[in-house]
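Taking it in order: structure first as structure tokens, then the write-up.
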Amino acid sequence: MAFRTALSLLLNKRCPVAILWALKKPGLTQLGHHGMELRPFHRSAPRWSGKLLTAEEMFGRRSLQDYLKKLEREYEESLQTANSSGSGGGLDEDELRATRTRINRMAPLVQSIRELQTNEKEMTDAESLLQDDDPDMRELAALDIQNGLQHIQSLRHKIMELIVPDEEVDLCDLVLEVTAGVGGQEAMLFTAEVFEMYQGFAQYLGWSFEVLEYMTNDIGGIRRGCAGISGPCSYKRMKFEAGVHRVQRVPKTEKQGRMHTSTMTVAVLPHPTQITLTIHPKDLRIETTRASGAGGQHVNTTDSAVRIVHLPTGVVSECQQERSQLKNKEKALKVLRARLYSRRLEEETSRRYMARKIQIGTKGRSEKIRTYNFPQDRVTDHRIGLSVHSVRDFLLGEGLLEEMNSALQDFSNQESLLELLGENL
Amino acid sequence: MTAFQALNLWRRYFEERGVAEPAHSSQYIVAHLLGAKTIESLGQEKLNKLLSCDKMERLWELCIKRLSRMPVQYVIEEWDFRDLTLKMRPPVFIPRPETEELVELVLADLQGKQDTGMHGERQLTCLEVGCGSGAITLSLLKGLPRLRAIALDQSKHAVDLTKENAVRLGLEDRLLIHHVDVMKEPEVLLSLSDSISTLVSNPPYLYSEDVTLLEPEILGFEDHAALDGGEDGLDVIKQILTAAPKILSIHGHVYLEVDPRHPPLIQQWVKDNVNGLSYVETRHDITNRPRFCILRREQ
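Respectively, the protein sequence lines represent chains L and Z.
Taking the working numbering as reference, the numbering of the first sequence is continuous, increasing by one, and the terminal residue is 538.
Taking the working numbering as reference, the numbering of the second sequence is continuous, increasing by one, and the terminal residue is 303.
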């Protein structure tokens, strides 16, 4: 317990921004480089090696200050363009509309930047009063400074949160896919435990968790499980969970007390909207047990399993979770859509990032991201070198997992910001 | 004995005695006994737990029923239809998956009518002939909160079961149920209403000669009146289509689930025999069989 408290203190002290970032409102954050676009799907391995900077350190950087000035300038120019063209200036209607949208999107950010400037100036004034002859005045100034600093701090967080753009798919729902890796029965048992951990996580954060595929074997493990997750920021947080998870322990099934190392893979597939992905019904082959024989009133089958094959790609999904065949079909389609979408995203990004050496991919197949070590009772995330204690509590999918996940998110946000500023750590 | 062991034991028994779908049968029964719908949605922990004496006794009771070839849906006394869980009781016809798709078609149509306000502020009313357990009508009522429905069946058992399911689902307020045999008293059909927006039915459509070839589950337990459509399977269908133009409002639709051989026969028969009704189209089911007929009342 002591460690948990220590960890949370450490995290909060290092970066109180974390919480604010997590609460970011989608509507306000679609502001990218040019105040217009979302970031493309982020697939390269982040440079986790750096350390997490505080808001103060970030704002101390010239690059950030320059960037803020640039944004302000852009905003001013847009305003001028919009105003002058209102009286018949050189812009056509589309351009004008784009400019207005840009202004609307940038307004909250620019407002915060200006508020910050005002506050910083007030701070300088207050500091000069610290030298005042009147002790009452000095005390008042000290109080003023204390309050002002707090306000400045929260403004800085707000600005940073407004600058870091969301990824294209951050606002999607997702399909979680867990697959047993090396380690036979033990790997399958661990896969079931991880699946339950995320079920707990969804519950903890108030997301919905709908089991789409879950087939247990004799001793309770699963080879594969799928679930649909939706809720605020669900993809945005869950994407950091994708990759290879490793467990080290003496399995239940082990008779001689030897320790085993097994793995499982977590894939987090953004769920496309109807608009971003259309599937043509003629491309699907739907298989059910009722396909042979006469069907209809002639037969009464209880096997309601549905298997769907997407013919052009050969991608397959199946569901037998429900007694209703139609429900099974809907669930299988949901998984299929997510698989097709992630496949397409992967193709797109592999073209875009061909040059990069390290790639995770949505499925995070390659990289070992986390180890659950039972003998030492710790969970270590290898990307940020962070360890927490009590594996059992971690597997509940509650506070400990959330802390780990938030830390990953902070690193990623910072990285995006620095990337935006064209800086390396 | 654990639930898992019982599951395998009964699967083997069923297999040996030639009971259809042995694995699924034992899975559904065990899942039901342990309070789940499917074995897949039952946690592993529960499957590995020892069964209490009570549970064992109950399981044996249920499985012996299944050995007599009673359909699983009657054994566990319930089944799912779309997102509803319905009570099932012999001899009331057990809804088939194809009918879930029939509902899909009707829902899409009625939703469209509601959205486009084609019917203005007027109340949409749906009539079902042969409601059985209530699957179609109750799904429509569930999906469309402003819809009213009338449901008919020739069987008292079916009428009672539909009523019971309606009450369990809290949908009885917008539903009228009548015990009517449209073959014997077609005039009752005409007296119901003359402004039905949609007439839907999964009527008995089997050819009489096919009925004797059915699986023992169907032959021995389900109401033959809900299955046997006469020599060409069209007896009840013709009765419904004859009445349709008199009770449907203008542009009201008829939705029928039929035998895959029926659609061309129905199209021709309506053309020759029924005024004021036009054949709109044939739709296919998930296995790509021509399964549903859509017709429309003309002016």
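Glycine residues also receive a C-beta, built at the ideal position from the N, C-alpha and C atoms.
- Unbroken beta strand (DSSP E) stretches of 3 residues or longer found wholly inside the region 45-82 of chain Z: none.
- The straight-line gap separating the alpha-carbon atoms of L/I399 and L/L229 is approximately 59 angstroms.
- Note that the C-beta distance between L/L268 and L/A255 is not below 8 angstroms.
- Excluding sequence positions up to five before and after Z/P207, its CB lies within less than 6 angstroms of the CB of G134, V240 and I241, all in the same chain and listed in chain order.
- Residue pairing for Z/D232: DSSP places it in a beta bridge opposite Z/L210.
- Flagged as an interface residue toward chain Z: L/D416, by a C-beta distance shorter than 8 angstroms.
- Shortest Cα-Cα distance from L/V363 to any of L/P488, L/E169 and L/L222 involves L/P488.
- Within chain Z, the residues placing a beta-carbon under 7 angstroms from that of L/S437 are D84, F85, R86 and E104, ordered along the chain.
- Against chain L, the beta carbon of Z/D289 has neighbours under 9 angstroms at R403, G408 and G409, listed in chain order.
- The beta carbon of L/V282 does not come within 8 angstroms of any beta carbon belonging to chain Z, so the residue lies off that interface.
- The alpha carbon of Z/L179 has as its nearest neighbour, out of Z/L109, Z/D289, Z/T166 and Z/L90, the alpha carbon of Z/T166.
- If you check each beta-carbon in the region 34-48 of chain Z against every beta-carbon of chain L, the ones closer than 7 angstroms belong to K41, T42, E44, S45 and Q48.
- Residues of the same chain with a CB within less than 8 angstroms of the CB of L/T415, apart from the 5 flanking positions on each side, are R436 in chain order.
- Proximity of chain Z to L/G512 at the Cβ level (cut-off 9 angstroms) is not reached, the minimal Cβ distance being about 24 angstroms.
- In the DSSP assignment, L/N486 falls within the unbroken beta strand (DSSP E) covering K481 to N486.
- With a cutoff of 8 angstroms on beta-carbon distance, Z/L131 and Z/L203 are scored as near each other.
- Relative to Z/I140, the option among Z/S205, Z/I43, Z/E191 and Z/E81 whose CA is nearest is Z/S205.
- By the C-beta criterion, the region 214-232 of chain L is judged to be in contact with the region 184-193 of chain L, since at least 3 inter-stretch pairs fall below 8 angstroms.
- Between Z/L210 and chain L, the shortest Cβ-Cβ separation is below 8 angstroms.
- Per DSSP, L/D283 lies in no beta strand (DSSP E) segment and is marked neither H nor E.
- The shortest C-alpha to C-alpha distance from Z/E108 to any of Z/L128, Z/T129, Z/L173 and Z/R86 is the one to Z/R86.
- A residue is called buried when at least 16 other Cβ atoms come within 10 angstroms of its Cβ; L/K271 meets this threshold and is buried.
- In this chain, Z/R178 is not harboured by any alpha helix (DSSP H), its DSSP state being neither H nor E.
- Exposure of Z/E189 is indicated by the presence of fewer than 16 other C-beta atoms within 10 angstroms of its C-beta.
- Beta-bridge analysis with DSSP links Z/K91 to Z/E82.
- Three or more beta-carbon pairs separated by less than 8 angstroms link the region 289-303 of chain Z to the region 256-264 of chain Z, which places the two stretches in contact.
- The beta carbon of Z/V23 is closer than 7 angstroms to those of S29, R70, L71 and R73 in its chain, skipping five residues each way along the sequence.
- Residue burial is scored here from C-beta neighbours: L/V295 has fewer than 16 other C-beta atoms within 10 angstroms and is therefore classed as exposed.
- For Z/P267, no Cβ of chain L is located within less than 8 angstroms of the residue's own Cβ.
- When DSSP reads this structure, L/G341 sits in a beta bridge with L/V288 and L/E323.
- In chain order, D157, I181 and H183 place their CB closer than 6 angstroms to the CB of Z/V163, counting only its own chain and leaving out the 5 sequence neighbours on each side.
- Counting along the chain, Z/A40 sits inside no alpha helix (DSSP H), nor does DSSP assign it H or E at all.
- Taking C-alpha positions only, Z/T42 is separated from L/Q434 by approximately 6 angstroms.
- Going by DSSP, L/Q527 is part of the alpha helix (DSSP H) stretching over G512 to L533.
- At a cut-off of 8 angstroms, the C-beta of Z/I98 has a neighbouring C-beta in chain L.
- V324, E326, Y327, M328, T329, N330, D331, I332, G333, G334 and I335: these are the residues of the region 318-337 of chain L whose beta carbon lies less than 9 angstroms from some beta carbon of chain Z, given in chain order.
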